[in-house]
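K.L.:
Numbered according to our numbering, the sequence shown spans residues 3 to 145.
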Amino acid sequence: MAISYIELTRLAVHGEVVVVEENGALLFDVIVSTGGTQISYDKLTGAITFHEAGYYYIDWYVAPQFGLTTNGSNWAIRTGPGPGQQSLIGSSHTKVSATTGFAILNVAADETAQLVNVSDGALYLSEAVDAKAGLIAYGIQQS
């Protein structure tokens, strides 16, 4: 049995403006911890790659400041691309409260996922907190 995990966070200098456009991926800038070789992260694209097929649990939060949306703060774990693409959404009814979500994914080897803004406009991350967003992906594969 192989256990793999990755913990990501989005930090920014106090007062720095971080904007995630509609359908844009949230880019995490710090890999807090990692274990195993089954999960990797690309800081340039925001893509989490699952190198082995199996089930993975993802838990995340985003702290928005405000948004140019009419439907609040909506984020999704989006897998793909391809015919099996999924969007697993977590939402907040307001544009300024923390948004959380979780998902269990059944992925093929080397499939990717991103945390994506699926609101109907841009969202600005909180300037008041140090950790603007966080994500943990965890998987157990049978050997």
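We put the CB at the ideal spot given by N, CA and C, even for glycine.
Note that the structure is predicted; figures quoted are calculated from it, not measured.
#1: Just mark A139 as buried or exposed, buried being the case when its beta carbon has 16 or more other beta carbons within 10 Å.
#2: Here's the rule I'm using: 16 or more other beta-carbon atoms within 10 Å means buried, otherwise exposed. How should L28 be labelled?
#3: If I'm right that T81 touches V118 with Cβ under 8 Å, what's the distance once you round it to whole angstroms?
#4: For F52, which of S6, S128, L46 and T11 has the nearest alpha-carbon?
#5: Since G56 sits in a beta bridge, which residues does DSSP pair it with?
#6: Measuring only the C-alpha atoms, how far is V64 from I41?
#7: Please name the residue or residues paired with A4 in a DSSP beta bridge.
#8: Under the three-state reduction of DSSP, which class applies to E9: helix, strand or coil?
#9: Specify the secondary structure class of Q40 as computed by DSSP and reduced to three states.
#10: Bridge partners of F30, per DSSP?
P.N.:
Once the coordinates are examined:
#1: By the Cβ-count criterion, A139 is buried, with 16 or more other Cβ atoms from all chains shown falling within 10 Å of its own Cβ.
#2: Its Cβ being crowded by 16 or more others within 10 Å, L28 is buried.
#3: Not really, about 10 Å apart at Cβ, beyond 8 Å.
#4: The residue with the shortest Cα to Cα distance from F52 is S6.
#5: The partner list for G56 (beta bridge, DSSP) reads V109.
#6: So the two alpha carbons sit approximately 21 Å from each other.
#7: Paired residues: Q143.
#8: Shown here, E9 sits in a strand according to DSSP, grouped into three states.
#9: Three-state result, Q40: coil.
#10: Bridge partners of F30: none, in fact.
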